[in-house]
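A.B. asks:
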Amino acid sequence: MSDITVNGESIPKESILEEMQYHPAEELPWKVAADALVIRCLLLQEAKRLNIQAEPRKIGPKRYEIDEEAKIRTLLESQVSVNPPDNEACRHYYEEHRERFHSPDLYEPRHILYAADPDDAIAIEAALERARIAIDILKSQPDRFDEIARRESNCTSRSTGGHLGQVGIGQTVPEFEEVIRDLQQGEMHPEPVRTCYGVHVVRMERCEKGRLLPFENVRVQVREYLAEREWAHAVRSYIRSLTERAMIVGWQTDKS
Numbered sequence: 074m075s076d077i078t079v080n081g082e083s084i085p086k087e088s089i090l091e092e093m094q095y096h097p098a099e100e101l102p103w104k105v106a107a108d109a110l111v112i113r114c115l116l117l118q119e120a121k122r123l124n125i126q127a128e129p130r131k132i133g134p135k136r137y138e139i140d141e142e143a144k145i146r147t148l149l150e151s152q153v154s155v156n157p158p159d160n161e162a163c164r165h166y167y168e169e170h171r172e173r174f175h176s177p178d179l180y181e182p183r184h185i186l187y188a189a190d191p192d193d194a195i196a197i198e199a200a201l202e203r204a205r206i207a208i209d210i211l212k213s214q215p216d217r218f219d220e221i222a223r224r225e226s227n228c229t230s231r232s233t234g235g236h237l238g239q240v241g242i243g244q245t246v247p248e249f250e251e252v253i254r255d256l257q258q259g260e261m262h263p264e265p266v267r268t269c270y271g272v273h274v275v276r277m278e279r280c281e282k283g284r285l286l287p288f289e290n291v292r293v294q295v296r297e298y299l300a301e302r303e304w305a306h307a308v309r310s311y312i313r314s315l316t317e318r319a320m321i322v323g324w325q326t327d328k329s
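Here the sequence shown stands for residues 74 to 329, where the numbers follow this note's numbering.
#1: Quick check on residue 301: buried or exposed, where buried means 16 or more other Cβ atoms within 10 Å of its Cβ?
#2: What residue range is occupied by the uninterrupted alpha helix (DSSP H) comprising residue 306?
#3: DSSP on residue 180, reduced to helix/strand/coil?
#4: Quick one: any contact between the stretch 259-276 and the stretch 189-204, if contact means 3 or more CB pairs under 8 Å?
#5: First and last residue of the beta strand (DSSP E) that includes residue 82?
#6: Here's the rule I'm using: 16 or more other beta-carbon atoms within 10 Å means buried, otherwise exposed. How should residue 192 be labelled?
#7: Sort 90, 137 and 142 by Cα distance to residue 117 and report the nearest one.
#8: May I ask which residues mark the beginning and end of the beta strand (DSSP E) holding residue 280?
#9: Is residue 330 helix, strand or coil by DSSP?
#10: Would you give the residue range spanned by the beta strand (DSSP E) that residue 267 belongs to?
#11: What residues in its chain sit with their C-beta under 7 Å from that of residue 324, if we drop five residues either side in the sequence?
#12: If you follow the beta strand (DSSP E) that residue 79 is part of, which residue opens it and which one closes it?
#13: So, for residue 161: in the same chain, excluding its five sequence neighbours on each side, which residues have a beta-carbon less than 7 Å away from its beta-carbon?
#14: Rounding to the nearest angstrom, what Cα-Cα distance links residue 167 and residue 176 in this structure?
#15: In this structure, how does DSSP classify residue 155 when only helix, strand and coil are distinguished?
#16: What is the DSSP secondary structure of residue 185, counted as helix, strand or coil?
#17: Can you give the Cα-Cα distance for residue 95 and residue 86, rounded to whole angstroms?
#18: Does the structure place the stretch 235-245 close enough to the stretch 169-185 that three or more beta carbon pairs sit under 8 Å?
#19: So, residue 226 versus residue 186, is the Cβ gap smaller than 7 Å?
#20: Contact defined as beta carbons within less than 8 Å: I believe residue 295 pairs with residue 268. What is the distance between those atoms, to the nearest angstrom?
#21: Alpha helix (DSSP H) containing residue 103: first to last residue?
#22: So residue 228 packs on residue 184, CB below 8 Å; how close in whole Å?
#23: Does the beta-carbon of residue 149 have 16 or more other beta-carbons within 10 angstroms, so that it is buried, or is it exposed?
#24: Based on Cα-Cα distance, which residue from 248, 135, 189 and 259 lies nearest to residue 218?
#25: Any heavy atom of the ligand ATP inside 6 Å of the beta-carbon of residue 196?
#26: Please classify residue 270 as buried or exposed, where buried requires at least 16 other C-beta atoms within 10 Å of its C-beta.
Here is the structure:
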């Protein structure tokens with residue numbers, strides 16, 4: 074680890090070490106931190122060369138950009154430009170990525186919960202046995218689900234016969250979600266389902282798979298995404314042009 078110089082301006086290794094705290098999840102935090110500081114240095118040098126004047130903007134409640142952030146933003150706004158995506162480009166992206174434009178799957182499951190501490194083997198085994206008995210009954214008498222849920226479930230949904238209302242992906246625990254995603258309408262899972270809450274008997278009352286949203290409904294979303302993508306690409310190209318003509322010692326740029 075050594076200092077880096079950018080057009081004669083030094084970035085001490087202490088600054089890179091300090092910057093690393095903002096990139097803890099990266100595989101190569103030193104490289105990522107060094108990249109960030111080199112790019113910031115290049116942009117500020119260019120802003121100075123072009124005599125960029127900037128007014129800090131408000132970026133949150135009682136929060137404003139610092140002077141360096143304002144100068145970098147103003148520099149990029151003045152030096153980088155992209156054409157807004159037209160309707161044809163938006164339509165093409167929509168057609169090529171239709172799987173991204175579906176309404177979410179919605180499920181309306183019912184369950185009977187036999188609560189048990191997942192670390193208590195005896196309690197879990199007792200809950201599993203009760204759930205198996207309930208499943209055996211419901212296989213031949215499915216109309217008794219409401220009765221059994223109201224009598225035996227340890228969930229507050231017992232008052233509604235085990236109805237959980239509409240549940241979307243990501244709104245429940247993974248083990249439960251995995252089961253309901255595979256159930257068809259009216260189908261009961263043939264085995265007890267274990268989660269951190271205990272053991273469940275699960276039946277799918279109603280499910281509605283996500284539908285393709287019409288282009289008109291997502292046109293603005295697509296346009297904003299494409300504009301942001303093109304802007305990011307243009308900024309990367311601009312930064313690459315700065316690095317290519319800079320004299321940088323102790324740092325290796327990525328070629329991508």
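Glycine included, every Cβ here is placed at the ideal spot set by N, Cα and C.
No experiment lies behind these values; they were computed from the predicted model shown.
C.D. replies: On the basis of the data shown:
#1: exposed
#2: 288-317
#3: strand
#4: yes
#5: 82-84
#6: exposed
#7: 142
#8: 271-281
#9: Past the boundaries of the shown model lies residue 330; the chain is included only from 74 to 329, so the question cannot be answered.
#10: 266-268
#11: 77, 107 and 111
#12: 77-79
#13: none
#14: 14 Å
#15: coil
#16: strand
#17: 15 Å
#18: yes
#19: yes
#20: That belief does not hold up - the Cβ atoms of residue 295 and residue 268 are roughly 38 Å apart, past 8 Å.
#21: 102-122
#22: 7 Å
#23: buried
#24: 259
#25: This structure lacks the ligand ATP; in fact it carries no ligand of any kind.
#26: buried
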